[in-house]
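First to last, the protein sequences are chains A and B.
Numbering of the first sequence is given in my numbering, commencing with residue 1 and proceeding in unit increments.
Numbering of the second sequence is given in my numbering, commencing with residue 1001 and proceeding in unit increments.
By construction, the Cβ of each residue, glycine as well, lies at the ideal position given by its N, Cα and C atoms.
These numbers come from a predicted model, not from an experiment.
A quick write-up on the structure given underneath.
Protein chains: 2
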Amino acid sequence: MQFTSEQRLDDGVLEREFTLDEIPGILWTPGSASASAPVPLILIGHPGGVHRMYPRLVGRARQCAADGFASATIELPGSGDRPPSATAEQARADLRRALEAGERVSEEIIDRLILPLVEKAVPEWQATLDALLSLPEIGGPVGYSGGVIAIGVRLAVVEPRIAAAGLFAGSFVPRATFEEARQVTIPLHVLLQWDDEGNDRQAALDLFDAFGSKEKTLNANMGGHTGVPASAGDAAARFFTRHLS
Amino acid sequence: MQFTSEQRLDDGVLEREFTLDEIPGILWTPGSASASAPVPLILIGHPGGVHRMYPRLVGRARQCAADGFASATIELPGSGDRPPSATAEQARADLRRALEAGERVSEEIIDRLILPLVEKAVPEWQATLDALLSLPEIGGPVGYSGGVIAIGVRLAVVEPRIAAAGLFAGSFVPRATFEEARQVTIPLHVLLQWDDEGNDRQAALDLFDAFGSKEKTLNANMGGHTGVPASAGDAAARFFTRHLS
Chain A
1 MQFTSEQRLD DGVLEREFTL DEIPGILWTP GSASASAPVP LILIGHPGGV HRMYPRLVGR
61 ARQCAADGFA SATIELPGSG DRPPSATAEQ ARADLRRALE AGERVSEEII DRLILPLVEK
121 AVPEWQATLD ALLSLPEIGG PVGYSGGVIA IGVRLAVVEP RIAAAGLFAG SFVPRATFEE
181 ARQVTIPLHV LLQWDDEGND RQAALDLFDA FGSKEKTLNA NMGGHTGVPA SAGDAAARFF
241 TRHLS
Chain B
1001 MQFTSEQRLD DGVLEREFTL DEIPGILWTP GSASASAPVP LILIGHPGGV HRMYPRLVGR
1061 ARQCAADGFA SATIELPGSG DRPPSATAEQ ARADLRRALE AGERVSEEII DRLILPLVEK
1121 AVPEWQATLD ALLSLPEIGG PVGYSGGVIA IGVRLAVVEP RIAAAGLFAG SFVPRATFEE
1181 ARQVTIPLHV LLQWDDEGND RQAALDLFDA FGSKEKTLNA NMGGHTGVPA SAGDAAARFF
1241 TRHLS
C-alpha cells in the first residue's frame, strides 16, 4: 500500500489517497486518531467510480470520523481509472438495451453483470483490509457499508473480520446471492428506497428475508434511489456505533 | 377530565390517573413541565388493557418525558375495567376459533373485530385530546404512537392536530383501512416485527405502501411480536423528536 497524497479536511479528518496493487483507494482517519488508541474501521462500498462518487463518499467518511471510526474505499474493478472489462461492458450494454426496451432485466444479464465483479472485488477488499489493519492507527472491529449489495453479502460470508454490515438494497441481485444470504450471520442494517425506480422492491424484501442473521433491521424510506433521507443516514451511523464502538 | 391519583416517579415524571366520561386514562408529564413552556404531547396507543400493559406503557412514557414530551393513554372500549361489548366478544371468540383450527382469519371476522373499535375509540381519543390540550402544561404539536393500527390510521386521517404518527404493524388490518391509508399525509414511522407469529407480513407491507405520506419510514426487525429491539424504540423516539420538538 502506497500513500500518494495526503490532506487535512476542515473538520480535522486526515484524507490519504493510496494505491494497492494498482488499485486506487482513499483512507480517512479522525483528527484525533494518531494520538489515541487504534480506531475501528468501516469499508465504504459504492457502485463504482470513486471520483464521480467522491462528494457522497467523503460525506460518509466525515460521519464515520465524527463517530470515532476510520473509513476507506477502493475503486471497483473496471470502474473509474481502472482498465475496463470487456465482459462487463457487454453486460452493461445488454442491460441498457433491456431497460430502454422496457423489458424486465433477465437473471442471465444480472449474473453476467454482477458475478464477475463480486469474484474480483471481494479479494481486493480483503487485501485492502490486510493492509489497513497493519497500520498502527487502525484496529478493529471492521464494518462494511453500502455499495453493490452482492459484494457486501459475499464479504459478510467469507471475511470473518467484518463484524457488522450496512447494506443498500438498491442494486441488481444475482440468484446466487439469495442463497449466500442464508449464510450471513453478522448483524445487518439494510437500507431500501421504497420507490427506487431502478430497483426491484420485491427482490430486496426477499433478500432481507433470506439473511440468516438473528439481528437484522430493514430501514425503508421514500425518495428514489439517490433520495436517502438524512434520518436514514443517521440510523445507519447509530447501527455501526452500536456494533463497532 | 378528573384526576383521580397522582404520583411522582423516580425519574421525576409526574404520573396522574384520570377519568374522562368514565374512560380511565393516565397522563405523564416531564419533571420540568410545570416550570417551563407547554410541552408537546404523544398519545400512546396499546392493544387494550391499560393495567396489564402498564409496565410497557410507563416505559414509553418515561422515554417521552426524557425527550421533553408529555404523554397520555386511555383504556380502549370494551377492555380493562370498561364494560365489555357483546359484538367484540363474539368476534374475539370467532377469531380464537379460527386461529385454533389453523385457519386463515377471514376479512369478515377482522372487520367485526376492529371496525366497531375504531368507530368508538377515535372520538374518545379526540375528546381526550381536547381535555389534555386545555391543560396549561401541555401544548402541541401532538404525535400518536403505536396501538391498534386501524385506530392510528383513522386518527391520522380525521384529526388535524396530530402532526406525526409512529405505527406498529402488528395487528389485524381491516380492508377499509387500506383505503383510508391513502388519505394519510402526515410523516409516519412504521414498526414491523418481521417474524411476528400473529401478524400478516404481506398485509403490513401493503399497508406501508398504501400510505399517502411523502415521508414514511418502515423499520423492520427480528424478534417476534413482543421482541421489538431497543434500537427500534430509540429510532421511534428520534422520529418524534424530529417532528414534534
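I think residue i touches residue j, with their Cβ atoms under 8 Å apart; what is that distance to the nearest whole Å?
{"i": "Ile109(A)", "j": "Ala72(A)", "result": "Not a contact, Cβ separation roughly 31 Å."}
{"i": "Val190(A)", "j": "Lys216(A)", "result": "7 Å"}
{"i": "Ala1088(B)", "j": "Leu1113(B)", "result": "7 Å"}
{"i": "Glu1137(B)", "j": "Thr1029(B)", "result": "6 Å"}
{"i": "Ser1231(B)", "j": "Arg242(A)", "result": "7 Å"}
Do the CB positions of residue i and residue j come within less than 8 Å of each other?
{"i": "Gly1080(B)", "j": "Gly1049(B)", "result": "yes"}
{"i": "Arg154(A)", "j": "Glu180(A)", "result": "yes"}
{"i": "Arg1060(B)", "j": "Ser1145(B)", "result": "yes"}
{"i": "Gly1143(B)", "j": "Leu1167(B)", "result": "no"}
{"i": "Ala257(A)", "j": "Pro77(A)", "result": "The question about residue 257(A) has no answer here: the residues shown for chain A are numbered 1 through 245."}
{"i": "Leu1132(B)", "j": "Arg1161(B)", "result": "no"}
{"i": "Pro55(A)", "j": "Gly139(A)", "result": "no"}
{"i": "Leu20(A)", "j": "Leu1218(B)", "result": "no"}
{"i": "Phe18(A)", "j": "Gln7(A)", "result": "no"}
What separation, rounded to the nearest whole angstrom, lies between the Cα atoms of residue i and residue j?
{"i": "Leu244(A)", "j": "Ala163(A)", "result": "8 Å"}
{"i": "Ala220(A)", "j": "Leu1207(B)", "result": "13 Å"}
{"i": "Ala210(A)", "j": "Ser1134(B)", "result": "50 Å"}
{"i": "Ile42(A)", "j": "Leu1192(B)", "result": "28 Å"}
{"i": "Ala204(A)", "j": "Gly223(A)", "result": "16 Å"}
{"i": "Arg1082(B)", "j": "Val1118(B)", "result": "16 Å"}
{"i": "Ala66(A)", "j": "Gly1170(B)", "result": "36 Å"}
{"i": "Ile44(A)", "j": "Ala236(A)", "result": "12 Å"}
{"i": "Ala37(A)", "j": "Gly147(A)", "result": "29 Å"}
{"i": "Ile1023(B)", "j": "Ala1156(B)", "result": "22 Å"}
{"i": "Asp274(A)", "j": "His1046(B)", "result": "The structure shown does not extend to residue 274(A), since chain A spans only 1 to 245, so no value can be given for it."}
{"i": "Ala1093(B)", "j": "Ser106(A)", "result": "49 Å"}
{"i": "Arg96(A)", "j": "Gln90(A)", "result": "10 Å"}
{"i": "Glu159(A)", "j": "Cys64(A)", "result": "21 Å"}
{"i": "Arg1238(B)", "j": "Pro84(A)", "result": "44 Å"}
{"i": "Val58(A)", "j": "Trp194(A)", "result": "25 Å"}
{"i": "Ala31(A)", "j": "Leu14(A)", "result": "The sequence given here places Gly at residue 31(A); Ala does not occur at that position. Going from the Cα of Gly31(A) to the Cα of Leu14(A) covers about 6 Å."}
{"i": "Ala86(A)", "j": "Phe1178(B)", "result": "49 Å"}
{"i": "Pro141(A)", "j": "Gln1202(B)", "result": "36 Å"}
{"i": "Ala1165(B)", "j": "Ile1149(B)", "result": "10 Å"}
{"i": "Leu1009(B)", "j": "Asp111(A)", "result": "59 Å"}
{"i": "Arg52(A)", "j": "Glu75(A)", "result": "11 Å"}
{"i": "Ala1101(B)", "j": "His225(A)", "result": "44 Å"}
{"i": "Ala98(A)", "j": "Pro229(A)", "result": "30 Å"}
{"i": "Leu1188(B)", "j": "Gly1212(B)", "result": "10 Å"}
{"i": "Arg62(A)", "j": "Gly227(A)", "result": "19 Å"}
On the three-state DSSP scale, how would you describe residue i?
{"i": "Ser1231(B)", "result": "helix"}
{"i": "Thr1185(B)", "result": "coil"}
{"i": "Phe240(A)", "result": "helix"}
{"i": "Pro123(A)", "result": "helix"}
{"i": "Phe168(A)", "result": "strand"}
{"i": "Glu1215(B)", "result": "coil"}
{"i": "Ala1088(B)", "result": "helix"}
{"i": "Phe1018(B)", "result": "strand"}
{"i": "Trp1192(B)", "result": "Residue identity differs from the one stated: residue 1192(B) is Leu in this sequence, not Trp. It is a strand residue."}
{"i": "Arg104(A)", "result": "coil"}
{"i": "Leu1133(B)", "result": "helix"}
{"i": "Glu1180(B)", "result": "helix"}
{"i": "Thr128(A)", "result": "helix"}
{"i": "Arg1082(B)", "result": "coil"}
{"i": "Val1058(B)", "result": "helix"}
{"i": "Arg1147(B)", "result": "Arg is not the amino acid found at residue 1147(B); the sequence shown has Gly there. Three-state DSSP puts Gly1147(B) in coil, outside helix and strand."}
{"i": "Phe208(A)", "result": "helix"}
{"i": "Pro1077(B)", "result": "coil"}
{"i": "Ala37(A)", "result": "coil"}
{"i": "Gly1152(B)", "result": "helix"}
{"i": "Leu115(A)", "result": "helix"}
{"i": "Leu9(A)", "result": "coil"}
{"i": "Val1142(B)", "result": "strand"}
Margin query: Count Cβ pairs between the segment 173-192 of chain A and the segment 59-74 of chain A that sit closer than 8 Å; are there 3 or more?
Written below: no
Next item on the list: Kindly confirm or deny that the segment 1182-1191 of chain B and the segment 198-211 of chain A touch, where touching means at least three C-beta pairs closer than 8 Å.
Entry: no
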